[in-house]
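Colleague: So the sequences go chain by chain: A and B. With positions in the first sequence counted from 1, the corresponding number in the working numbering is that position plus 6. With positions in the second sequence counted from 1, the corresponding number in the working numbering is that position plus 118. C-beta: ideal position from N, C-alpha, C; glycine also.
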Amino acid sequence: MIKVDNLYKSFGDTEVLKGISTSFEKGKTNLIIGQSGSGKTVFLKNLVGLFHPEKGSIYYDERRYQDLSPKERRDLRKEIGMVFQGGALFDSMNIEENVKFPLRMFTKLTSAEMKNRVEEVLERVNLENVNQRFPAEISGGMQKRVSIARAIVNRPKFLFCDEPNSGLDPRTATVIDNLIQELTKEYDITTIINTHDMNSVFEIGEKIVYLQNGVLAWEGTKDEIHHSDNKDLSDFVYSSDLFRKVKKAYQKGL
Amino acid sequence: MNYVSSLGLYLIMIKDTFRRMTKRSVLWRLIFQEINDLVLKSIGIVVFISFFIGAVITIQTALNLTNPLIPKELIGYAARQSILLEFAPTFVSVIMAGKVGSYITSSIGTMRVTEQIDALEVMGINALNYLVFPKIIAMLVYPFLIGISMFVGIMGAYLAGVYGGFLDGDQFLTGLKDDFIPFHLFYAFFKTFVFAFLLATIPAFHGFYMKGGALEVGKASTTSFVWTSVVIIITNYIITQLLLS
Chain A
7 MIKVDNLYKS FGDTEVLKGI STSFEKGKTN LIIGQSGSGK TVFLKNLVGL FHPEKGSIYY
67 DERRYQDLSP KERRDLRKEI GMVFQGGALF DSMNIEENVK FPLRMFTKLT SAEMKNRVEE
127 VLERVNLENV NQRFPAEISG GMQKRVSIAR AIVNRPKFLF CDEPNSGLDP RTATVIDNLI
187 QELTKEYDIT TIINTHDMNS VFEIGEKIVY LQNGVLAWEG TKDEIHHSDN KDLSDFVYSS
247 DLFRKVKKAY QKGL
Chain B
119 MNYVSSLGLY LIMIKDTFRR MTKRSVLWRL IFQEINDLVL KSIGIVVFIS FFIGAVITIQ
179 TALNLTNPLI PKELIGYAAR QSILLEFAPT FVSVIMAGKV GSYITSSIGT MRVTEQIDAL
239 EVMGINALNY LVFPKIIAML VYPFLIGISM FVGIMGAYLA GVYGGFLDGD QFLTGLKDDF
299 IPFHLFYAFF KTFVFAFLLA TIPAFHGFYM KGGALEVGKA STTSFVWTSV VIIITNYIIT
359 QLLLS
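Below is the structure:
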């Protein structure tokens, strides 16, 4: 579980996060949504430790990040897996080496054990016969799946995904969404996904946090979103005609 | 003020590069990879440039020695001094600022743009140690490249002098050995080590701290080449003043 308490982050005079407090439960797919510039990415980067908040606390399973020693922070990072928007695969390594990378860096597994673990996770994300290919030689959807495989290969407790299905066709995006949700249940991890894809919201949003101008404007489940009286949230979620029809159908009980 | 803060950031980068070392087995692999990419892959261009510059130095020296009272051996002497003291260590390093420096800036800059550096940091890896330290260690082999440049440059000078009909082989070799001061070799290799460090770290600085997209990677490579060259030239002056004057 990850708990955030009164988080503030600024860049110069611009206050990007303004006192965010919320919690993300284990075994659930937690989504952070909001318009471009609402502070989603900054919030996620604070959660993974790439940015440091000016004020506030972040608790990872009761451990307050700000109170941890540098060594404890490094150990905590080994419990984190992250899927980046563009995949962030290492260009100079082939797929097998990319997925093996966290194991080589942080475990004392033998080569054979590492290879087995890599095979296991690649199979889990439905990728076969790509081990020797380089990131540039595979499709965007495959790159995302490799990125997920790399994020879970060291059995993390916390999984962060920054817009995991951006740039993907709707079908592949759904496959990625479902894969992340399955892995969250299977490995019982705390998953936080940063997205502005409404399909993801209605497919896998077990908890949704809506940010607006750096403030937590609404939180709830995908079912509660239909009954929300937050106008900005409604405008954001139901900006397309399709989702307006979904809302009407939902309210009619269809 | 901007330059001062950049210098401060550069020094912090150097300090952080030597902290929290990457796992040794991984580091060795990275170092050998960098020796191949930065030094061994530069041998061809260095040999090519050194040979012809050595030849041109001989021809120009010979053509400017019109006074019959000046011995021909001076051509060999001048070629040796030019190549050993300046051409091989300094000007090959400026050329390497273009070749190796651009490679370092663009490769690290691309990793920054595509969030590969963020990925390393999220995993708890010291990205500076992982990316820059192997380059610094690999560049310890760089003086070997400069040694080749000196040898090939003098070969070029000899062949152009003898086969161009400016002097005979014995005259060139006499001039080559004449008044040789071993300390000059120390001076040349000492500054080569300093340049090697600059060649690894200044381009890495420009790549690591760049912001923006693909266009900015190109701009960072150009800026990196300019700054690496400028710092090499100024450092060359300071070292020469301290060691030779």
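For B/E239, which residues in chain A fall below 7 Å Cβ to Cβ?
Modeller: Residues of chain A passing the Cβ test: L56.
Colleague: Let me see if you follow: with CB-CB separation under 7 Å, is B/G242 close to chain A or not?
Modeller: Yes - at least one Cβ of chain A is within 7 Å of the one on B/G242.
Colleague: If you check the beta carbons only, do A/S5 and A/D11 fall under 7 Å apart?
Modeller: Chain A is shown from 7 up to 260; residue 5 of chain A falls before or after that span and cannot be answered.
Colleague: Can you tell me the Cα-Cα spacing of B/T358 and B/I222, whole angstroms?
Modeller: About 27 Å.
Colleague: Determine the direct distance from the alpha carbon of A/D241 to that of A/Q218, and round the result to whole angstroms.
Modeller: Taking the straight line from one Cα to the other gives about 12 Å.
Colleague: I'd like the span of the alpha helix (DSSP H) that includes A/E188, first residue to last.
Modeller: Looking at the DSSP string, the run of the alpha helix (DSSP H) that includes A/E188 is P176 to Y193.
Colleague: Smallest Cα separation from A/F140: which of A/N122, A/M7 and A/D97?
Modeller: Closest option to A/F140, Cα to Cα, is A/D97.
Colleague: Per DSSP, which one or two residues make a beta bridge with A/G226?
Modeller: Its beta-bridge partners are A/I214.
Colleague: So, at 6 Å on beta carbons, what are the nonlocal neighbours of A/K61 in its own chain, with the 5 sequence-adjacent residues on each side left out?
Modeller: Answer for A/K61: Y14, listed in chain order.
Colleague: Please identify the residue among A/H232, A/E102, A/D183 and A/K251 whose C-alpha is closest to the C-alpha of A/K34.
Modeller: The candidate whose alpha carbon is nearest that of A/K34 is A/D183.
Colleague: Would you mind working out which of A/S16, A/F17, A/V22 and A/G18 sits nearest A/V221, comparing C-alpha positions?
Modeller: Residue A/V22 is the option with its Cα nearest to A/V221.
Colleague: For a quick check, are the C-beta atoms of A/N137 and A/I38 less than 7 Å apart?
Modeller: No; because the gap between Cβ atoms is not below 7 Å, this pair is not in contact.
Colleague: What residues of chain A sit near B/K141, judged by a beta carbon separation below 7 Å?
Modeller: Result: M111.
Colleague: Can you give me the start and stop residues for the alpha helix (DSSP H) that A/S240 sits inside?
Modeller: Per DSSP, A/S240 belongs to the alpha helix (DSSP H) from K237 to V243.
Colleague: Whole angstroms are fine: how far does the CA of B/K217 sit from the CA of B/L238?
Modeller: Approximately 26 Å, taken between the alpha carbons.
Colleague: For B/G271 and B/G172, what's the separation of their Cα atoms in angstroms?
Modeller: Answer to the nearest angstrom: the Cα atoms are 4 Å apart.
Colleague: List, in chain order, every chain A residue whose beta-carbon is nearer than 8 Å to that of B/E233.
Modeller: What B/E233 touches in chain A: F90, Q91, G92 and A94.
Colleague: Please confirm whether A/P108 has its beta-carbon closer than 7 Å to some beta-carbon of chain B.
Modeller: Yes, A/P108 counts as interfacial toward chain B.
Colleague: Taking only beta carbons into account, state which residues of the stretch 211 to 236 of chain B come closer than 7 Å to chain A, listed in chain order.
Modeller: Those residues of the stretch 211 to 236 of chain B that come within reach of chain A (Cβ to Cβ, closer than 7 Å) are T232, E233, Q234 and D236.
Colleague: Does A/R80 get closer than 7 Å to chain B when you measure Cβ to Cβ?
Modeller: With 7 Å as the cut-off, A/R80 counts as an interface residue toward chain B.
Colleague: For chain B, check one thing: does any of its Cβ atoms lie closer than 7 Å to the Cβ of A/R83?
Modeller: True, the Cβ-Cβ gap to chain B drops below 7 Å.
Colleague: Below 8 Å, can you find three or more Cβ-Cβ pairs linking the stretch 329 to 338 of chain B to the stretch 195 to 206 of chain B?
Modeller: Because the criterion of three Cβ pairs below 8 Å is not met, the stretch 329 to 338 of chain B and the stretch 195 to 206 of chain B do not touch.
Colleague: Take B/A256 and list the residues in its own chain whose beta-carbon comes closer than 7 Å to its own, dropping the five residues that flank it on each side.
Modeller: Excluding positions up to five away in sequence, the list reads I149, E152, I153, L156 and V157.
Colleague: Apart from the five residues just before and just after B/D286, which ones in its own chain have a Cβ nearer than 7 Å to its Cβ?
Modeller: Same-chain partners within the cutoff: V280.
Colleague: Please classify B/I320 as buried or exposed, where buried requires at least 16 neighbouring CB atoms within 10 angstroms.
Modeller: B/I320 is buried by the Cβ-count criterion.
Colleague: Evaluate B/S363 with the Cβ neighbour count: other Cβ atoms within 10 Å of its Cβ, from every protein chain shown; 16 or more gives buried, anything less gives exposed.
Modeller: Exposed.
Colleague: Cutting at 8 Å between CB atoms, please list the residues of its own chain near B/Y128, excluding the five before and the five after it.
Modeller: Closer than 8 Å at the Cβ level, and outside the excluded window around B/Y128, lie T319, I320 and F323.
Colleague: Can you tell me whether DSSP reads B/K141 as helix, strand or coil?
Modeller: Coil at B/K141, not helix or strand.
Colleague: Could you tell me which residues DSSP pairs with A/Y14 in its beta bridges?
Modeller: A/K24 and A/K61.
Colleague: In three-state terms, what does DSSP make of A/D168?
Modeller: Strand at A/D168.
Colleague: Under the assumption that A/F30 contacts A/K213 (Cβ atoms under 8 Å), give the Cβ distance between them as a whole number of angstroms.
Modeller: With a Cβ gap of about 7 Å, A/F30 and A/K213 count as contacting.
Colleague: Against chain B, which members of the stretch 123 to 151 of chain A pass a CB distance test of less than 7 Å?
Modeller: Under the 7 Å Cβ criterion, the stretch 123 to 151 of chain A contributes no residue.
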